[in-house]
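**Q** Following this message is one structure expressed as structure tokens.
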Amino acid sequence: MTDHPRRVTRALLSVSDKTGLIEFAKALAAHDVELVSTGGTAKAIAAAGLKVKDVSDLTGFPEMMDGRVKTLHPKVHGGLLAIRDNAEHASAMKTHGIAPIDLLVVNLYPFEATVDKGAGFEDCIENIDIGGPAMIRAAAKNHDDVAVVVEADDYKAVLDELAANNGSTTLKLRRRLAAKAYARTAAYDAAISNWFNRQLEIDAPDFRALGGRLIQSLRYGENPHQTAAFYATPDKRPGVSTARQLQGKELSYNNINDTDAAYECIGEFDAKRTAACVIVKHANPCGVAEGANLVEAYRRALACDSTSAFGGIIAMNRPLDADTAREITKIFTEVIIAPDASEEAIAIIGGKKNLRLLLAGSLPDPRAPGLTAKTVAGGLLVQSRDNAVVDDMTFKVVTKRAPTEAEMRDLKFAFRVAKHVKSNTIIYAKDLATVGIGAGQMSRVDSARIAARKAQDAANELKLAEPLTKGSVVASDAFFPFADGMLACIEAGATAVVQPGGSMRDDEVIKAADEHGIAMVFTGTRHFRH
Numbered sequence: 031m032t033d034h035p036r037r038v039t040r041a042l043l044s045v046s047d048k049t050g051l052i053e054f055a056k057a058l059a060a061h062d063v064e065l066v067s068t069g070g071t072a073k074a075i076a077a078a079g080l081k082v083k084d085v086s087d088l089t090g091f092p093e094m095m096d097g098r099v100k101t102l103h104p105k106v107h108g109g110l111l112a113i114r115d116n117a118e119h120a121s122a123m124k125t126h127g128i129a130p131i132d133l134l135v136v137n138l139y140p141f142e143a144t145v146d147k148g149a150g151f152e153d154c155i156e157n158i159d160i161g162g163p164a165m166i167r168a169a170a171k172n173h174d175d176v177a178v179v180v181e182a183d184d185y186k187a188v189l190d191e192l193a194a195n196n197g198s199t200t201l202k203l204r205r206r207l208a209a210k211a212y213a214r215t216a217a218y219d220a221a222i223s224n225w226f227n228r229q230l231e232i233d234a235p236d237f238r239a240l241g242g243r244l245i246q247s248l249r250y251g252e253n254p255h256q257t258a259a260f261y262a263t264p265d266k267r268p269g270v271s272t273a274r275q276l277q278g279k280e281l282s283y284n285n286i287n288d289t290d291a292a293y294e295c296i297g298e299f300d301a302k303r304t305a306a307c308v309i310v311k312h313a314n315p316c317g318v319a320e321g322a323n324l325v326e327a328y329r330r331a332l333a334c335d336s337t338s339a340f341g342g343i344i345a346m347n348r349p350l351d352a353d354t355a356r357e358i359t360k361i362f363t364e365v366i367i368a369p370d371a372s373e374e375a376i377a378i379i380g381g382k383k384n385l386r387l388l389l390a391g392s393l394p395d396p397r398a399p400g401l402t403a404k405t406v407a408g409g410l411l412v413q414s415r416d417n418a419v420v421d422d423m424t425f426k427v428v429t430k431r432a433p434t435e436a437e438m439r440d441l442k443f444a445f446r447v448a449k450h451v452k453s454n455t456i457i458y459a460k461d462l463a464t465v466g467i468g469a470g471q472m473s474r475v476d477s478a479r480i481a482a483r484k485a486q487d488a489a490n491e492l493k494l495a496e497p498l499t500k501g502s503v504v505a506s507d508a509f510f511p512f513a514d515g516m517l518a519c520i521e522a523g524a525t526a527v528v529q530p531g532g533s534m535r536d537d538e539v540i541k542a543a544d545e546h547g548i549a550m551v552f553t554g555t556r557h558f559r560h
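Residues in the sequence shown are numbered consecutively from 31, following the working numbering.
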């Protein structure tokens with residue numbers, strides 16, 4: 031690939047975001063670039079004392095239909111699409127009085143921001159850009175001759191090239207800008223189509239488009255031989271993508287994945303009702319607890335599995351305070367995420383240079399709708415977010431013995447946590463804290479036994495006479511297909527069980543519970559998480 035320089039003699043600028051516009055326009059004018067513009071952009075450039083031609087003067091047509099039609103004209107698209115070295119194209123330009131446009135600067139109507147602020151249907155429709163994407167795609171197609179800029183971040187790169195190449199751009203830059211331009215219009219169209227699907231309540235559209243904006247390039251993916259990057263979607267859900275990182279090393283792929291898991295889980299706990307803490311390791315909670323305050327919740331969550339918590343991710347549902355910060359810094363932790371933090375807490379965490387502290391501003395709403403997606407070979411699996419919450423469920427007693435008030439409180443807590451643990455999931459809980467977690471096993475019996483073993487290890491660490499599973503309750507993310515899994519929980523000391531129900535052998539499982547004097551409730555809601 032040669033440099034293939036193209037001198038910029040005329041630029042068309044039409045931007046809704048005017049960040050850096052005047053400085054950029056002044057720099058272009060200093061390179062003797064003729065400025066053509068539209069509407070508010072032209073007014074802003076003229077107000078800065080720069081000479082600018084309105085696009086209406088270029089086309090010979092006024093803006094019309096409330097500005098919907100202004101750049102959709104041969105003198106604009108011909109100037110962008112004409113191949114400069116093609117004699118036929120050059121002849122057509124001369125015949126029809128079409129002047130070349132060598133640089134297009136367009137950022138699109140703020141559709142995503144309009145949706146974000148909860149605007150009505152008609153306002154959202156009016157913020158769908160038509161002329162902008164059309165011009166961007168035209169300029170990007172003809173990148174051999176035309177440079178296209180879709181955001182202010184690229185102004186400097188263009189100006190650097192003009193300065194280095196006597197007012198010209200290189201093919202390398204134009205190709206990079208073209209690739210970015212197509213990605214931008216694709217993400218824009220994805221936002222529009224997904225918004226339409228939500229408005230029309232279409233769950234499975236014939237085409238599904240997803241788009242995102244780069245947040246950061248990552249050092250590597252799950253493993254060092256994999257490349258990775260982190261993108262933000264139009265879904266402004268509070269969490270790792272929206273959080274402000276105050277300190278610490280750059281987040282890794284695994285940090286981001288685990289932090290998201292932790293913050294989604296902590297979102298289940300209403301901060302007005304209780305303080306809560308979630309500790310995550312390898313995308314699974316290894317300790318979750320409520321408490322009178324954050325430091326109590328943290329200590330109780332840590333007690334569930336202090337071994338796994340080493341190097342883990344900690345999520346809080348209330349602003350991080352100094353006492354909790356001091357307690358957390360006693361062991362190695364990768365990331366802390368909370369809605370906010372006190373200045374004293376920030377200073378304490380500052381003593382651990384590599385510890386990342388993220389402030390998300392608010393908690394994610396567990397009831398909010400949304401989409402999740404994962405790739406499979408040659409395909410994309412898209413589903414609605416699991417937004418079923420315990421507080422909206424009916425807990426149906428199916429055994430002779432009903433749970434006590436204390437057991438029911440813990441059953442709801444345990445099922446709240448089970449939603450965020452990989453399947454097959456077994457959660458032992460006691461006094462609003464997890465005391466044993468079994469995650470991601472192929473057999474539910476194995477999950478029950480592993481969780482009990484974890485509880486025994488924790489008891490040994492805490493020098494307790496017996497594991498806290500004695501007198502605990504247990505939650506299963508899906509039904510027990512046989513009684514054996516539940517019997518393993520009973521053997522570990524559980525006195526009450528919550529599960530979705532729905533097995534062909536529910537009667538067998540209920541009978542076994544009754545024979546052991548166990549209380550059991552069905553929720554009718556499954557929480558598989560793969």
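Heads up, the beta-carbon is just placed ideally off N, CA and C, and yes, glycines get one too.
1. Since L43 is in the beta strand (DSSP E), which residue starts that stretch and which ends it?
2. What does a CB cutoff of less than 7 Å around R205 pick up in its chain, not counting 5 residues either side in sequence?
3. Among A301, K311 and E64, which one has its Cα closest to the Cα of D323?
4. Is DSSP giving P315 helix, strand or coil here?
5. Give me whichever residues DSSP pairs with A621 in a beta bridge.
6. Just to confirm, are A425 and T553 a CB contact at a threshold of 8 Å?
7. Here's the rule: buried if 16 or more other CB atoms are within 10 angstroms of the residue's CB, otherwise exposed. What is N490?
8. Just to confirm, are R40 and I131 a CB contact at a threshold of 8 Å?
9. Leaving out five residues before and five after A432 in sequence, what residues of the same chain have Cβ atoms less than 7 Å from its Cβ?
10. Would you mind listing the beta strand (DSSP E) stretches within the segment 164-232 that are 3+ residues and don't spill past its ends, in chain order?
11. Quick check on the DSSP output: the alpha helix (DSSP H) that includes F340 runs from which residue to which?
12. Here's the rule I'm using: 16 or more other beta-carbon atoms within 10 Å means buried, otherwise exposed. How should R479 be labelled?
13. Could you tell me which of Y250, G242 and Q246 sits nearest to P264, measuring between CA atoms?
14. Taking the beta strand (DSSP E) that R330 falls in, what are its first and last residues?
15. Can you tell me which of the three DSSP states L138 falls into?
16. So, does the segment 218-238 touch the segment 246-253, judging by three or more C-beta pairs under 8 Å?
17. Y283 by DSSP, collapsed to three states: which one?
18. So, with DSSP's three-state summary, where would you put I160?
19. Can you tell me whether N287 is buried or exposed, with buried defined as 16 or more other CB within 10 angstroms of its CB?
20. For S502 and Q471, I'd like the C-alpha separation in whole angstroms.
21. Along the beta strand (DSSP E) that carries L401, what are the first and last residues, could you check?
22. Between Y139 and N157, which are expected to be in contact by the criterion C-beta below 8 Å, what is the C-beta distance as a whole number of angstroms?
23. Do P530 and R559 have their C-beta atoms closer together than 8 Å?
24. Going by beta-carbon coordinates alone, are I366 and L387 separated by less than 8 Å?
25. Are the Cβ atoms of D33 and L201 separated by less than 8 Å?
26. Would you mind reading off the limits of the beta strand (DSSP E) that contains F54?
27. Please report the Cβ distance between R474 and I456, rounded to the nearest whole angstrom; I am assuming they are in contact, meaning their Cβ atoms lie under 8 Å.
28. If you check the beta carbons only, do G321 and A339 fall under 8 Å apart?
29. What did DSSP end up calling L110 once you bin it into helix, strand or coil?
30. Using a Cβ-Cβ cutoff of less than 6 Å, which residues in the same chain neighbour K382 once the five nearest sequence positions on both sides are dropped?
31. Could you work out which residue in K83, A273, V419 and M423 is closest to T71 when comparing CA atoms only?
32. Can you give the Cα-Cα distance for A164 and V66, rounded to whole angstroms?
33. Could you check what DSSP says for F552 in three-state terms: helix, strand or coil?
34. Does the segment 274-282 come into contact with the segment 293-312, if we say contact requires no fewer than three beta-carbon pairs (one atom in each stretch) closer than 8 Å?
35. Do A508 and L389 have their C-beta atoms within less than 8 Å of each other?
36. Does the Cβ-Cβ distance between I166 and V180 come in under 8 Å?
**A** This is what the structure holds:
1. R40 to V45
2. H173
3. Residue 323 is actually Asn in this sequence, not Asp. Comparing Cα-Cα distances from N323 to each of A301, K311 and E64, the minimum goes to A301.
4. strand
5. Past the edges of the chain, shown from 31 to 560, lies residue 621, and the structure says nothing about it.
6. Note that residue 425 is Phe in the sequence shown here, rather than Ala. Contact: yes.
7. exposed
8. yes
9. A549
10. 177-179
11. It is not in any alpha helix (DSSP H) - F340 carries neither H nor E in the DSSP assignment.
12. buried
13. G242
14. Segment L324 to C334 is the alpha helix (DSSP H) holding R330; no beta strand (DSSP E) there.
15. coil
16. no
17. helix
18. coil
19. buried
20. 21 Å
21. L401 to V406
22. 5 Å
23. no
24. yes
25. yes
26. Where F54 is concerned, there is no enclosing beta strand (DSSP E), although the alpha helix (DSSP H) it sits in stretches over L51 to A60.
27. 7 Å
28. no
29. helix
30. T359
31. K83
32. 17 Å
33. strand
34. no
35. no
36. yes
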